[in-house]
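Q:
Residue numbers (my numbering), protein chains in the order written: chain A, 138 to 569; chain B, 2 to 339.
See the structure below:
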């Protein structure tokens, strides 16, 4: 009998995996109880988490939302949950919610910051999401003027006059370029600056005297709470990106003066703490200006925060530029693109993409740094928490305010972080 | 026509921009309101309420000053200032007067070029300890850990006091009063020291105030008062005599309740001079004749302001002590209105 080798002619059905490696049990074993060492760590961690939550959750949820003072809160807690229980007194958030959000903004005018916030989202949308119609960018460009006018109020001629400065600059460039290129650029810079500094104020006032159109003025010392954080944060973020790009390019250019200025600026700003700059804004600037000048403190802070973050952005973008292979620059040159075309079409899109995580980190850092303004007496949420505590009714309250402020900041910062991840995923598709 | 208005408005705007006066009273009157620098929040002394209206002992003085100038206690804008930027805001002209529980010291008066217009609260540094520690005097605090705010005069006073009494202590430096409360309650330190008024306010906010006692020793002098810039004596006079008017009113028994009646029919010549029904004291100050009356009506006389904001009926519950009238054994003593 010839030897017949055993050859299987049909596939066996796969056996189900052992119970210990599939399903919840398998997941637990793989992730939590993988060997004695890890099992012990898991148990210890679980006990720690349990203890934490056992203290935290009753404090957070067996709490009081309606009371007029801390004493009343404590009384209600004692009556409802027994004498041993210590619960949070969220009533302070309930009582001071609008103050924490709007500061001392007149309550009948809350619609103005609300509207500004909604318009801001509309203006940001086309910048953040590229599939939206590009024409929305026109609104985004106009928004800074609309937003500032809505928040600060006053004559409508002021934002229009400020806007006219850009139109004048454009016109100057157009007429100047017929004569000479350099003259055109000089005129495009000088004409608007002269307009803003010397002519805009009187002309806007004159126009207002003739045709008074405006809304009630709200001075920035009435700004406060999250509104002031958002105003400072968002303005500084949007202004610092273009400024940062300019500084990063300036640092790499061959033009000596531009390069020296950029390097000097970046290194100076990065070498100085933000608090120092804020103190300069709040105290030192007053000595340089003629007495009686009332240069809006919030605007001063916005300028300082913008300068501060633009220096950091410049360095982050320089990192992106450095990561680009030299071939990209040469390819752009070989296509016959001039400097600005090469930057716009080839270099920047790639450099910015590389730099996204760093840029967003800087922005998140800047947004959180806005709480430093409480040190110079602007009543942002942290500053207000101090002011609220000074009220006899709420003196002694501590964690509730910080938990709430931290929660709101978390929402903002986490959204920024998620957006940056979305953007990275979207832009990376070509490379996978 | 419209063109004329336009250029006219332009010219006026230009002139207004170039015009700046050296006289603070004129500036304030032209502006239509007083700008008063105050604390970003100190229990009983200045704090915004839920509607954003500032209330408190230091705030009440500014309202009285605004009433003395304009007859309207609300013609005042409050600018919250921190300990670091309060003096620069004053010297740079951002505020007209600083009423922010500021201790009157020689350095501040002379070197920082300010003028203190008087004392509205005599404070001093005290100690608070838990009752269970069983301590009844600050001299028994040998070896104690002490919570103390960094970079304040209290820190220096503390080391002086312990050195003088030849006992040792261990400082626990902290940043703010709120943090101090938490640290003290958590047992990070045995003793909390700051101004006695602050201690009382802090103790009042505890869940069980009775478990803590404030020791009898007061180890420093902290005369708190409003101040103005050097160099405008007229303005300093107005500020000083407004404070004096509030103090004198209490001494003479003039309150916000009986002031109308008294100003109509008083026999006392000093009250008549104070309320402007006799003499021309207001005119000398460059104010209206009833300036002091308006100031007193704003928030009441000194005693009323004290009782309403920090007195024994409030949670802070401070006794008058040194801040009683001189006739009652305190230090509040106003020069005569004559």
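Beta carbons: idealized from backbone N, C-alpha and C, even for Gly.
Near residue 224/B, which residues of its chain fall below 6 angstroms by C-beta distance, leaving aside the five closest residues on each side in sequence?
A: Counting only Cβ-Cβ distances below 6 angstroms, and skipping sequence neighbours, we find 105, 120 and 123.
Q: Does the Cβ of residue 213/B have 16 or more other Cβ atoms within 10 Å, making it buried, or fewer, making it exposed?
A: buried
Q: By how many angstroms is the C-alpha of residue 320/A removed from the C-alpha of residue 59/B?
A: 59 angstroms
Q: Rounded to whole angstroms, what is the Cα-Cα separation between residue 403/A and residue 504/A?
A: Per the coordinates, the alpha-carbon of residue 403/A lies some 20 angstroms from the alpha-carbon of residue 504/A.
Q: Please confirm if residue 559/A has its CB atom under 7 angstroms from at least one CB of chain B.
A: Taking 7 angstroms as the CB threshold, residue 559/A stays off the interface with chain B.
Q: Residue 332/B by DSSP, collapsed to three states: which one?
A: coil
Q: Considering Cα atoms alone, identify which of 547/A, 529/A and 516/A is closest to residue 79/B.
A: 516/A
Q: Would DSSP call residue 213/B helix, strand or coil?
A: strand
Q: Can residue 1/B and residue 335/B be called in contact, C-beta distance under 7 angstroms?
A: The question about residue 1/B has no answer, for chain B in this structure spans 2 to 339.
Q: Applying the 10 Å Cβ sphere with the 16-neighbour rule, what's the burial state of residue 55/B?
A: buried
Q: I need the DSSP call for residue 241/A, collapsed to helix, strand or coil.
A: coil
Q: Could you give the distance in angstroms between the alpha-carbon of residue 347/A and the alpha-carbon of residue 235/A?
A: 37 angstroms
Q: Output yes if chain B places a C-beta closer than 7 angstroms to the C-beta of residue 168/A; else output no.
A: no
Q: Specify, as a first and last residue, the run of the beta strand (DSSP E) that residue 230/B falls within.
A: 223–230
Q: Is the CB of residue 282/A under 7 angstroms away from at least one CB in chain B?
A: no
Q: Excluding sequence positions up to five away, which residues of its chain have a Cβ less than 8 angstroms from the Cβ of residue 379/A?
A: none
Q: Leaving aside the five residues before and after residue 320/B along the sequence, list all residues of the same chain whose C-beta is less than 7 angstroms from its C-beta, in chain order.
A: 313
Q: What does residue 295/A reach in chain B if we use C-beta pairs closer than 7 angstroms?
A: Result: empty, since nearest Cβ-Cβ is about 13 angstroms, beyond 7 angstroms.
Q: May I ask which residues mark the beginning and end of the beta strand (DSSP E) holding residue 149/B?
A: 145–150
Q: List in chain order: all unbroken alpha helix (DSSP H) runs of 4+ residues lying wholly within the region 364–450 of chain A.
A: 393–407, 411–416 and 422–425
Q: Does the separation of the CB atoms of residue 206/A and residue 524/A fall below 7 angstroms?
A: no
Q: So, with DSSP's three-state summary, where would you put residue 244/B?
A: helix
Q: Just the Cα atoms here: how many angstroms apart are residue 139/A and residue 145/A?
A: 18 angstroms
Q: When the Cα of residue 215/B is compared with those of 196/B, 226/B, 88/B and 62/B, which residue comes out closest?
A: 196/B
Q: Check distances from the C-beta atoms of the region 231–262 of chain A to those of chain B and list, in chain order, the residues that come in under 7 angstroms.
A: 232, 233, 236 and 241
Q: Using a Cβ-Cβ distance under 7 angstroms, would residue 419/A count as near chain B?
A: yes
Q: Would residue 126/B and residue 220/B be called neighbours here (beta carbons separated by less than 7 angstroms)?
A: yes
Q: Rounded to whole angstroms, what is the Cα-Cα separation between residue 88/B and residue 111/B?
A: 13 angstroms
Q: Please check if any C-beta of chain A sits within less than 7 angstroms of the C-beta of residue 266/B.
A: no
Q: Nearest CA to the CA of residue 497/A: which residue from 508/A, 447/A, 514/A and 537/A?
A: 447/A
Q: Could one say the Cβ of residue 523/A lies closer than 7 angstroms to chain B's Cβ atoms, at least one of them?
A: yes
Q: If the criterion is Cβ atoms closer than 7 angstroms, does the pair residue 433/A and residue 357/A meet it?
A: yes
Q: I'd like to know whether the C-beta of residue 86/B is nearer than 7 angstroms to at least one C-beta of chain A.
A: yes
Q: Residue 42/B touches chain A at which residues, Cβ-Cβ below 7 angstroms?
A: 523, 524, 526 and 527
Q: So, under 8 angstroms CB-CB, residue 205/B and residue 251/A are touching, yes? Tell me the CB distance rounded to an integer number of Å.
A: Not a contact, Cβ separation roughly 38 angstroms.
Q: Please report how far the alpha carbon of residue 369/A lies from the alpha carbon of residue 311/A, in whole angstroms.
A: 34 angstroms
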